[in-house]
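Sequential numbering of the sequence shown, starting at 0, is according to numbering that gives the first Met the number 0. Report on the structure given below.
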Amino acid sequence: MSTEFDPSLVEHTVVLKGRLVHVYKVGGGTPGRRYDGLWGYRVRCQGRLVASGEDLRTGMPKTHDEAALIALELVT
């Protein structure tokens with residue numbers, strides 16, 4: 000298993016607080032449903048990469064929007 004973000008797997012993209020956040024559920028997921036476990040994420044600010052990985056672990060089930068917010072909180 001890779002710990003690097005794979006852009007071909009992106010399931011959800013959202014702009015939060017002026018930052019572009021891409022996320023996907025490692026192993027696959029459907030936006031709107033809740034999942035626990037590992038997530039892939041990439042956060043960009045003004046086109047510049049500020050965080051990226053496949054190491055965001057949630058113990059409680061989260062939606063793609065909630066996972067994106069957590070990824071954003073990692074860098075703010």
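Glycine residues also receive a C-beta, built at the ideal position from the N, C-alpha and C atoms.
DSSP, read as helix, strand or coil, puts residue 9 in coil. The straight-line gap separating the alpha-carbon atoms of residue 75 and residue 11 is approximately 20 Å. Straight across, the Cα-Cα distance linking residue 44 with residue 29 is about 26 Å. CA-to-CA, the gap between residue 72 and residue 27 works out to about 23 Å. The continuous alpha helix (DSSP H) containing residue 72 extends over residues 63-74.
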